[in-house]
Every structure is written in C-alpha cells, then in structure tokens.
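Residue numbers (UniProt numbering): 1 to 125.
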C-alpha cells in the first residue's frame with residue numbers, strides 16, 4: 001500500500017477529501033437555506049451530495065485501476081485475446097509516412113485497436 005503514499009497520490013487523496021467535504025458542506029448550507037424558505041435551494045440540497053458521491057466513486061475507480069495496473073501483466077503490447085468483431089475496420093498502414101509524429105500516432109492507434117480493454121493512459125510508447 002506504499003504506492004498510495006507517493007506525493008501524487010497524497011495530492012489526489014487531499015483533493016478528494018477537500019472536494020467531498022466542500023460538497024457536503026454546500027449541501028448542508030443549501031438545506032439550511034431551503035428551511036428558511038428559499039425554494040430554489042431544495043434542488044441544490046440534493047445536488048451537492050451527489051457531487052460528493054461522484055468524487056468518492058471516481059477516487060475508488062482510480063484506486064482500483066492502480067491496483068489492477070500493479071497486478072497486471074508485464075507485457076502491455078500483446079493483447080490477451082482476439083478482440084471481438086468491430087463495426088469499424090481499420091486498415092493497417094502499408095508503409096511509413098516519413099513523418100515521425102504521424103508514424104507514432106499510427107502506432108498509438110494500432111495499439112488502441114489491438115487492446116480494446118486498455119485505457120489510453122496505459123499506452124507503453
């Protein structure tokens with residue numbers, strides 16, 4: 001669990017806690033305003049806690065993705081299984097274009113097509 005104590009993760013934890021507490025506090029404030037007779041505040045009373053729940057869900061998703069990345073395979077280039085049929089067909093490039101940026105982008109797109117279950121941030125190149 002030391003990987004979640006790096007400076008980047010500590011910043012993520014802090015941002016998540018601050019946003020969650022701020023959104024819950026704003027929900028409480030809107031609840032008090034609604035109790036005072038402000039009818040518009042009733043909608044915000046329920047909206048702010050949903051924002052807080054979204055922050056918590058996003059944090060859980062990122063933690064799970066990090067754990068999955070750490071426990072994942074060592075070879076990211078090779079797909080684990082043949083992708084299912086796709087409604088889109090992407091022709092393989094016949095030859096290099098001579099432009100390094102275009103070639104790198106084509107390799108990236110080929111990797112994305114070959115690894116449909118991977119996130120773009122996991123691209124090894």
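Just so you know, even glycine gets a beta-carbon here, dropped at the ideal spot from N, CA and C.
Whole-number beta carbon distance between residue j and residue i, since they are thought to touch under 8 Å
i	j	result
residue 49	residue 24	6 Å
residue 27	residue 45	6 Å
residue 120	residue 112	7 Å
Residue closest to residue i, alpha-carbon to alpha-carbon, out of the options
i	options	result
residue 69	124, 10, 11	124
residue 12	39, 62, 38, 102	62
Same chain, Cβ closer than 8 Å to residue i, five either side skipped, listed in chain order
i	result
residue 104	125
residue 3	9, 66, 70
Beta-carbon proximity list for residue i, same chain, < 6 Å, skipping 5 on both sides
i	result
residue 32	none
residue 52	20, 23, 24
residue 60	none
residue 47	none
residue 99	none
residue 118	none
Beta-carbon contacts of residue i that lie in its chain and below 7 Å, excluding the five residues immediately before and after
i	result
residue 34	41, 42, 45
residue 64	none
Query raised in the report: Okay, do the region 12-20 and the region 55-68 touch, 3+ Cβ pairs below 8 Å being the bar?
Result: With the cut-off at 8 Å, the region 12-20 and the region 55-68 touch.
Query - Those runs of the beta strand (DSSP E) which lie wholly inside the region 32-72 and span at least 3 residues - result: none
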